[in-house]
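Take 4 as the starting number for the sequence shown in this note's numbering and just add one per residue. Let me begin by presenting the structure, written as structure tokens, before commenting on it.
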Amino acid sequence: MKNKGIVSIVIIISIGTIVMFNHFSKQSEPLVNDKKEKTFTTPKNFSEQIETKVTMQDDKANVIKNAEPEIILSESEVIDLLSQCGVDTEKLNAPFGNSKSVIDGLEKSTLAEDKLGFALFSSPKEGSRLDNLYQFSLNNPEEPVSRISLIGECATNSNNSICNENLIDSTSETVKKDGAFWLAATAYFISQKNDAQIYEAITNLDESTFFSNNYAKRIKLFTQIMENNQFGHFGSNLITAIGVEAATITDLLLLIATWCNNENNDVKTSNACLTVGRNIVERPTTLSNQAFGYSILKNTYQNENNEKAAEEIQRQINKFRSDQFISLPPYANLIMLVDEEFARNWLNNQEVLGESEAQKKLIVDLKQLVNTEKYYPCRVLFSPKLNIKV
Numbered sequence: 004m005k006n007k008g009i010v011s012i013v014i015i016i017s018i019g020t021i022v023m024f025n026h027f028s029k030q031s032e033p034l035v036n037d038k039k040e041k042t043f044t045t046p047k048n049f050s051e052q053i054e055t056k057v058t059m060q061d062d063k064a065n066v067i068k069n070a071e072p073e074i075i076l077s078e079s080e081v082i083d084l085l086s087q088c089g090v091d092t093e094k095l096n097a098p099f100g101n102s103k104s105v106i107d108g109l110e111k112s113t114l115a116e117d118k119l120g121f122a123l124f125s126s127p128k129e130g131s132r133l134d135n136l137y138q139f140s141l142n143n144p145e146e147p148v149s150r151i152s153l154i155g156e157c158a159t160n161s162n163n164s165i166c167n168e169n170l171i172d173s174t175s176e177t178v179k180k181d182g183a184f185w186l187a188a189t190a191y192f193i194s195q196k197n198d199a200q201i202y203e204a205i206t207n208l209d210e211s212t213f214f215s216n217n218y219a220k221r222i223k224l225f226t227q228i229m230e231n232n233q234f235g236h237f238g239s240n241l242i243t244a245i246g247v248e249a250a251t252i253t254d255l256l257l258l259i260a261t262w263c264n265n266e267n268n269d270v271k272t273s274n275a276c277l278t279v280g281r282n283i284v285e286r287p288t289t290l291s292n293q294a295f296g297y298s299i300l301k302n303t304y305q306n307e308n309n310e311k312a313a314e315e316i317q318r319q320i321n322k323f324r325s326d327q328f329i330s331l332p333p334y335a336n337l338i339m340l341v342d343e344e345f346a347r348n349w350l351n352n353q354e355v356l357g358e359s360e361a362q363k364k365l366i367v368d369l370k371q372l373v374n375t376e377k378y379y380p381c382r383v384l385f386s387p388k389l390n391i392k393v
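The following block contains the structure:
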């Protein structure tokens, strides 16, 4: 891959931060869910019109913002400013290599971390991902990410002989305390059409001691493996890892959301779906997962003809969405590439707090960081009015 100029690298970073910050900011408005023509709301058609007062505030902010003079810099001026802040621009211009070769090379490794990385991130032939995850999980029964990922794979490959009820029963008690495990198990039992086990899994989800954010864990594992193999640098590997995770299809939640489209208004199913939806929204997870959770809650209340509760969820949706419309100038995201400590703190916050709260903290930390002695000489690069002369 050819070296990328500063302008190109900013585009790459911007794409990465769109993944990080605005999972569903451009999705279409959902249709009304009525009994005549049922349209199920998922994050693909999740976004609703923000309340008028929010829109008016945004418009006012845009007027003030647009009244400020535009800052136009050439690429050479940008590079000079970055250099003044100690940024290695040669590193930024380095090519983004193909990490697949590193992942494929882990197959023969004897290190548990490498074996887990191979099982999670390799692109094997059909069926062999299940085999890899199963073998790793057998050898490392207390490791949660592999077992939860294995259950998730079984939810969409339920005919594989590996996937059976014993897989759930044989899971260690430590892993069974994790709500993320029971969320995956719920999807698996839905794929098996085993109603009794579905309800039990949802109860266990609600009663679970904690809920691990495996999204952040997998990103951290990916970057660590790349670092161990002296591949690329932390910033570029972070962007690659975010892309890898963004490409992960949310099959688990789609299975649950479809099952919860309870048109017959069965009370037991409705209560179970409200429980699972609330857990997805409130536990430390990703923005896209929370979007699914809100969708499940709203659709369940609509199926019950509980318009008051559905409207309250819609108000929560509006606030949730408006909180995510945080516009950062592209160059602000360079810090995620060049400041490893800052980026690692963001990842750690993701794992503990969930993506939404980690995002809010990142914005606060970023504003403080750009005014430090190191970044003060190039603070103009973080202006919302910055434009680049191409």
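Glycine included, every Cβ here is placed at the ideal spot set by N, Cα and C. Just so it is clear, the structure is predicted and the values come from calculations on it, not from any experiment.
Taking 8 Å as the upper bound for CB-CB distance, Ile205 and Thr278 are in contact here, some 6 Å apart.
If one requires a minimum length of 3 residues, no beta strand (DSSP E) run lies completely within the stretch 236 to 290. Distance from the CA of Cys263 to the CA of Val284, rounded to the nearest whole angstrom, comes to 15 Å. By the Cβ criterion, the stretch 165 to 184 is in contact with the stretch 207 to 226, since at least three pairs of Cβ atoms, one from each stretch, lie closer than 8 Å. If one requires a minimum length of 3 residues, no beta strand (DSSP E) run lies completely within the stretch 152 to 228.
Between Arg347 and Ile245, the alpha-carbon positions lie close to 13 Å from each other. For Ser77, the enclosing beta strand (DSSP E) begins and ends at Ile74 to Ser77.
Shortest Cα-Cα distance from Ile366 to any of Asn390, Phe139 and Gln327 involves Gln327. Under the DSSP assignment, Lys388 falls outside any alpha helix (DSSP H); it carries neither an H nor an E label.
The shortest C-alpha to C-alpha distance from Lys196 to any of Pro287, Ser161 and Val341 is the one to Ser161. For Tyr304, the closest C-alpha among the options Tyr379, Arg281 and Cys157 is that of Arg281.
The beta carbon of Asp134 sits closer than 7 Å to no other beta carbon from its chain once the five residues preceding and following it are set aside.
Under the 8 Å Cβ criterion, the stretch 183 to 193 does not count as touching the stretch 113 to 128, having fewer than three qualifying pairs. Counted as a single uninterrupted DSSP element, the alpha helix (DSSP H) harbouring Val367 occupies residues Glu358 to Leu372. Between Ile151 and Phe124, the beta carbon gap of about 15 Å keeps them out of contact (Cβ cut-off 8 Å). The beta carbons of Leu84 and Leu384 sit about 6 Å from each other, so the pair counts as a contact at 8 Å.
Taking Cys157 as reference, the option from Gln138, Leu141, Ala187 and Thr272 with the minimal CA-CA separation is Ala187.
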